[in-house]
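Number of protein chains: 2
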Amino acid sequence: MELAPLFEPPYVAVIFTSVQAEDALSEGYGQTAARMLELVADQPGYLGVEMAPGITISYWRDEDAARAWRAVVEHREAQRMGREQWYRSYRLRVATVTRERAHDTD
Amino acid sequence: MELAPLFEPPYVAVIFTSVQAEDALSEGYGQTAARMLELVADQPGYLGVEMAPGITISYWRDEDAARAWRAVVEHREAQRMGREQWYRSYRLRVATVTRERAHDTD
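Residue numbers (this note's numbering), protein chains in the order written: chain S, 36 to 141; chain C, 36 to 141.
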């Protein structure tokens, strides 16, 4: 688990939580997920991501930046595959981060 | 991974992301984590939680509800143990959820 740094509120968090379908691994999921991580890093207004199995949180400068990523053609195709094949269920929540703090021991 | 249902925006998401210290398992972490899950479910304004290794997102009706949970004595003690022993690093972000959607195939 790699933590994202703190950013400067207000900014946007897109919280994606999911349960994979049983055939997720057989249908190119891993390859597409890696490609999306590569692609998202180049998006204007992208701040960072935190991921654990079943939860991906991406951070954005503002709602427009998050919305623009959602509309990227290659990402739209991945979203379609997600709905049709990879995910049994998911939730997508768009939130505005208002406060944050960090604790680091090293 | 258990997904939370949709709630009614606006509501509050408290995003806690962490890297555990090496001695986390030896110091009562699991027991306290289970107790906190039990305790949080009784808090006024608590909506739900989504958890994966290293990420816990709790959902609240409003900021006051989230703040009140932070002040609960037994939770404060757990927070102290977290800072002093269990977590090498963590981030805590408080966010207001403005939009949400779900996809379910069954």
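Every residue, glycine too, gets a C-beta built ideally from N, C-alpha and C.
Assumed close pair residue i, residue j - CB separation to whole angstroms, cut-off 8 Å
i, j, result
"V47/C", "T131/C", "6 Å"
"T67/C", "L38/S", "So it is not a contact: roughly 21 Å between Cβ atoms."
"G89/S", "A87/C", "5 Å"
Beta-carbon gap between residue i and residue j smaller than 8 Å
i, j, result
"R126/C", "E43/S", "no"
"D139/C", "S124/S", "yes"
"E109/S", "L74/S", "yes"
"G83/S", "A100/S", "no"
Bridge partners - residue i, DSSP secondary structure assignment
i, result
"H138/C", "Y125/S"
"E85/S", "I92/S"
"A130/C", "V132/S, A48/C"
"V54/S", "S124/S"
Neighbourhood of residue i by C-beta, 7 Å cutoff - its chain only, sequence neighbours within 5 removed
i, result
"A113/C", "T67, M71"
"M116/C", "T67"
"Y64/C", "W121"
"M36/C", "A87"
Own chain partners of residue i with C-beta closer than 6 Å, once the 5 adjacent residues on each side are dropped
i, result
"A137/S", "L41"
"W104/C", "Q78"
"R128/S", "I50"
"E85/S", "A39, I92"
Proximity test, residue i beta-carbon vs the ligand NAD heavy atom, cut-off 7 Å
i, result
"H138/C", "Among the components modelled here there is no ligand, and therefore nothing to report on the ligand NAD."
Own chain residues within Cβ distance below 8 Å of residue i, not counting five before or after
i, result
"Y122/C", "S53, V54, Q55, A56, A59"
"R111/S", "R105"
"T133/C", "P44, P45"
"A69/C", "none"
"V107/S", "L74, Q78"
Problem - Within 8 Å of chain S by C-beta, residues of the segment 121-134 of chain C in sequence order - result: Y122, R123, S124, Y125, R126, L127, R128, V129, A130, T131, V132, T133, R134
Problem - chain S contacts from the segment 77-89 of chain C (Cβ-Cβ distance under 9 Å) - result: E85, M86, A87, P88, G89
Practice task
Check each residue of the segment 95-115 of chain C: if its Cβ is closer than 9 Å to any Cβ of chain S, include it; give the result in chain order.
Solution key: E98
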